[in-house]
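K.L.:
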Amino acid sequence: VQSLIGLFLSIALLQSGFDKITDRIGNLEWLRGHFSDSPLHGLVPLLLNVVTVLEIFAGSCTLMGSFVNLVNGNNMLLTIGLLIAALNFLALFFGQRIAKDYEGAAVLVNYFILNVIGLLSLAH
23 VQSLIGLFLS
33 IALLQSGFDK
43 ITDRIGNLEW
53 LRGHFSDSPL
63 HGLVPLLLNV
73 VTVLEIFAGS
83 CTLMGSFVNL
93 VNGNNMLLTI
103 GLLIAALNFL
113 ALFFGQRIAK
123 DYEGAAVLVN
133 YFILNVIGLL
143 SLAH
């Protein structure tokens, strides 16, 4: 179950991170509009970089960690990936709430809950 959660989240995180890299201009335009009336509007390029790095790093750790966990039972890399992913989801949730996108924030709750379940399952 731990590796399934890790694989699921790695797909979401890596796809999102790579989208932010391959369509950076489109993402910046959309995010600038999304945060135009928020205190974060001047930080959008910096925050996009931070979220992109978090997503790629967490996605890579959860992907590799899921396989390592399956092969030899070592869950350290998976745990690191899930912890970073949780921080990423909290950052995204904070941003959505600041932007008053309550529906967008609500969608993130499902990912965060699954992430926490994964962490709890590793804390035997």
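Numbered by the working numbering, the letters in the sequence shown go through residues 23 to 146 in order.
Beta carbons: idealized from backbone N, C-alpha and C, even for Gly.
Just so it is clear, the structure is predicted and the values come from calculations on it, not from any experiment.
1. How close, in whole Å, do the beta carbons of phenylalanine 79 and isoleucine 106 come, if the pair is a contact with beta carbons under 8 Å?
2. Provide the residue span of the alpha helix (DSSP H) that contains leucine 92, from first to last.
3. Using the rule of at least 16 other Cβ atoms within 10 Å of the residue's Cβ for burial, across every protein chain shown, is valine 72 buried or exposed?
4. Say whether the segment 52 to 67 touches the segment 95 to 115, bearing in mind that this needs 3 or more beta-carbon pairs closer than 8 Å, one atom from each stretch.
5. Could you give the C-beta distance for threonine 15 and leucine 31, rounded to a whole number, given that I count them as a contact under 8 Å?
6. Would threonine 74 pass as an interface residue toward chain C - the criterion being a Cβ-Cβ separation below 8 Å?
7. How is the alpha helix (DSSP H) around phenylalanine 57 delimited, first residue to last?
8. Are the segment 84 to 101 and the segment 41 to 55 in contact at 8 Å, needing three or more beta carbon pairs?
9. Would you give the residue range spanned by the alpha helix (DSSP H) that valine 131 belongs to?
10. Identify which residue in Ile47, Leu92, Val90 and Tyr124 has its Cα closest to the Cα of leucine 70.
11. So, with DSSP's three-state summary, where would you put aspartate 41?
P.N.:
Looking at the atomic coordinates:
1. With a Cβ gap of about 6 Å, phenylalanine 79 and isoleucine 106 count as contacting.
2. 66 to 94
3. exposed
4. Contact between the segment 52 to 67 and the segment 95 to 115 is not established, with fewer than three Cβ pairs separated by less than 8 Å.
5. The first residue shown for the chain is 23 and the last is 146, placing residue 15 beyond what the model contains.
6. Looking at the structure shown, chain C is missing, and only one protein chain is on hand.
7. First-last for phenylalanine 57: undefined, no H or E at that position.
8. no
9. 124 to 144 is the span of the alpha helix (DSSP H), which, as asked, contains valine 131.
10. Ile47
11. helix
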